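>
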Amino acid sequence: MLKDKELDALIKHYNDYLGDIEMLEYTPSKNMMLKPQLILSRPNQMHQYNVIATVGLSEVKLKGSYTNCEIIILLDKDWKFKLDSINHNWPLELMHKISNIIYLTDSKVGYGQYFINDGNKTFCPLTDMGVALIGVPAMLDKKFFEMKNGKKSTNFFVVTTATFEELKLIKHIGGINFIQRYLLPEGEDAFIVHNNRL
Numbered sequence: 005m006l007k008d009k010e011l012d013a014l015i016k017h018y019n020d021y022l023g024d025i026e027m028l029e030y031t032p033s034k035n036m037m038l039k040p041q042l043i044l045s046r047p048n049q050m051h052q053y054n055v056i057a058t059v060g061l062s063e064v065k066l067k068g069s070y071t072n073c074e075i076i077i078l079l080d081k082d083w084k085f086k087l088d089s090i091n092h093n094w095p096l097e098l099m100h101k102i103s104n105i106i107y108l109t110d111s112k113v114g115y116g117q118y119f120i121n122d123g124n125k126t127f128c129p130l131t132d133m134g135v136a137l138i139g140v141p142a143m144l145d146k147k148f149f150e151m152k153n154g155k156k157s158t159n160f161f162v163v164t165t166a167t168f169e170e171l172k173l174i175k176h177i178g179g180i181n182f183i184q185r186y187l188l189p190e191g192e193d194a195f196i197v198h199n200n201r202l
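Counting the sequence shown from 1 gives a position; my numbering is that position plus 4.
1. By DSSP, does Gln-49 sit in helix, in strand, or in coil?
2. Please check the pair Ile-25 and Leu-44, which I expect to be a contact at CB under 8 angstroms, by giving their CB distance rounded to whole angstroms.
3. Which value, in whole angstroms, describes the spacing of the CA atoms of Arg-185 and Asp-88?
4. Just to confirm my understanding: we take Met-143, look at its own chain, exclude 5 residues before and 5 after, and list those with CB closer than 7 angstroms. What are they?
5. With a cut-off of 8 angstroms on the beta carbons, I'd call Tyr-115 and Val-140 a contact; round off their distance for me.
6. Measure the beta-carbon distance from Leu-187 to Thr-164 and round it to whole angstroms, keeping in mind my assumption that it falls under 8 angstroms.
7. Consult DSSP for Thr-167 and reduce its assignment to one of helix, strand or coil.
8. Any idea if Thr-109 is buried or exposed, counting beta-carbon neighbours within 10 angstroms, 16 or more meaning buried?
9. In the DSSP assignment, find the unbroken alpha helix (DSSP H) run with Ala-13 in it and report its ends.
10. So, at 6 angstroms on beta carbons, what are the nonlocal neighbours of Asn-93 in its own chain, with the 5 sequence-adjacent residues on each side left out?
11. Can you give me the start and stop residues for the beta strand (DSSP E) that Glu-150 sits inside?
12. If you draw a straight line from the C-alpha of Cys-73 to the C-alpha of Ser-157, how long is it?
13. Can you give the Cα-Cα distance for Val-59 and Leu-14, rounded to whole angstroms?
14. Under the three-state reduction of DSSP, which class applies to Met-99: helix, strand or coil?
15. Tell me whether Glu-29 sits in a helix, a strand or coil according to DSSP, three-state version.
16. Going by other Cβ atoms of all chains shown within 10 Å of its Cβ, with 16 needed for buried, is Met-37 buried or exposed?
17. Mind checking who Met-133 pairs with in its DSSP beta bridge?
Structure below.
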């Protein structure tokens, strides 16, 4: 669990770079070891989409260059937060799943890393997406990426999604190259999750 000072610093960081935030009362469908709180920042003058972010993943000490991190996901501005529907809550489930994979493996987290959904299935019946890809949140203020609090440094990564067809390309050229060649040229919209079939 984050210490009070760390929690206060994290909430302040989110407020400073995302604007107003609210806590989401969401419980994942499966019992998971790590249960980070999720916050929501609705579209505002800083960003034109919904931002979901974890609060608590950074309590896990990791290997590699980024020893503490939190993750965010961008949802389109019209996203409906029906927390009891898989068609609407799957990005929240995904945030919990990734947090728990990181927690259980004490693994490294970095740019271009990817996660494949259980059983090679899509995240929900109404999306083609079944792969999560970790990127740097270049669409937000550059100071958002790293928060220093005393000796502790916390980095913030954005989770975006990909199809299984795109996964073939990701495996071939690597996650970083995929992001740089195919997502970054499209701009921030390439990182926003849409539910076009709803």
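The C-beta atom is built at its ideal place from N, Cα and C for all residues, glycine as well.
None of these values were measured; they are calculated from a predicted model.
In brief:
1. coil
2. Right, their Cβ atoms sit about 7 angstroms apart.
3. For Arg-185 and Asp-88, the distance between alpha carbons rounds to 36 angstroms.
4. By the criterion of a C-beta distance shorter than 7 angstroms, Met-143 is surrounded in its chain by Glu-192, Phe-195, once the five residues flanking it on both sides are discounted.
5. 6 angstroms
6. 7 angstroms
7. strand
8. The residue in question, Thr-109, is exposed, as its Cβ has fewer than 16 Cβ neighbours within 10 Å.
9. 8-22
10. Leu-87
11. 150-153
12. 8 angstroms
13. Their backbone Cα atoms lie some 8 angstroms apart in a straight line.
14. helix
15. coil
16. exposed
17. Thr-167
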